[in-house]
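Undergrad: Residue numbers (my numbering): 4 to 164. Glycine is no exception: its CB is placed at the ideal position from the N, C-alpha and C atoms.
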Amino acid sequence: MSEIFVVDPSFMVVSGGQTGADRAGLDWAIAAGIPYGGWCPKGRRSEDGEIPSTYALKETPGSGYLKRTEWNVRDSDATLIFTLDDALSGGSARTAQFADAHGKPWLHVRPSVHPQYVARFLARHRVRVLNIAGKRGSAAPGIADLVHIVLSASIRFDNVS
4 MSEIFVVDPS FMVVSGGQTG ADRAGLDWAI AAGIPYGGWC PKGRRSEDGE IPSTYALKET
64 PGSGYLKRTE WNVRDSDATL IFTLDDALSG GSARTAQFAD AHGKPWLHVR PSVHPQYVAR
124 FLARHRVRVL NIAGKRGSAA PGIADLVHIV LSASIRFDNV S
């Protein structure tokens, strides 16, 4: 029997809107009817240009990526960091460092991590605001598929109030 984390209308996904894991998390939330938001750099900066306005994100005061990364960690209950590698590096490693500094739980999700483990992590930490972070699209082709598969297999939205 598979385990799944059932969320209610108070659950929310936040992300920074970068290509790859961030945007896949937002797309998944939108498709699932889950409320979403988060911080992005001033000017809606991302590797493919301006983050589309269809993503309802707030802009940080500066155009750098680190502030939005920290603020999304700060404003969430927990963070899932998606990569295709066994080790964290670059912005993904900084995300984990920010989570540690803010006393927030985080989980490195890679292809070898079973969705049931993700569901247990979310339940154990009673997550209501989930930050989705990880590798950008150019650094990890296929990362969006991993995000969609894992989130779809580990979280179910119960819109009954």
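Hey, out of 10, 159, 14 and 28, whose CA is closest to residue 86's CA?
TA: If we check each option's Cα against that of residue 86, 28 comes out closest.
Undergrad: Return the chain-ordered list of same chain residues with a C-beta closer than 7 Å to the C-beta of residue 3, the five sequence neighbours on each side being excluded.
TA: Since the first residue shown for the chain is 4 and the last is 164, residue 3 is missing from the structure and cannot be characterised.
Undergrad: Around the C-beta of residue 57, are 16 or more other C-beta atoms found within 10 angstroms, so that it is buried, or is it exposed?
TA: exposed
Undergrad: Determine the contact status of residue 73 and residue 43, defining contact as a CB-CB distance below 8 Å.
TA: no
Undergrad: Would you check if the distance between the CB atom of residue 133 and the CB atom of residue 91 is smaller than 8 Å?
TA: no
Undergrad: Quick one: what's got a C-beta closer than 6 Å to residue 21's C-beta in the same chain, skipping five residues either side?
TA: 49 and 139
Undergrad: Thinking C-alpha only, which one of 45, 9 and 80 is nearest residue 131?
TA: 80
Undergrad: Pull up the DSSP beta-bridge partners for residue 81, would you.
TA: 133
Undergrad: Pick helix, strand or coil for residue 53, following the three-state DSSP scheme.
TA: strand
Undergrad: Tell me whether residue 4 sits in a helix, a strand or coil according to DSSP, three-state version.
TA: With a pLDDT of only 45 at residue 4, under the threshold of 50, the placement of this residue in the model should not be trusted; the figure read from the coordinates follows. Coil.
Undergrad: Note down the Cα distance separating residue 109 from residue 67, rounded to an integer number of angstroms.
TA: 22 Å
Undergrad: Using only alpha-carbon positions, find the residue among 122, 75 and 26 that is nearest to residue 105.
TA: For the residues 122, 75 and 26, the minimum Cα distance to residue 105 belongs to 75.
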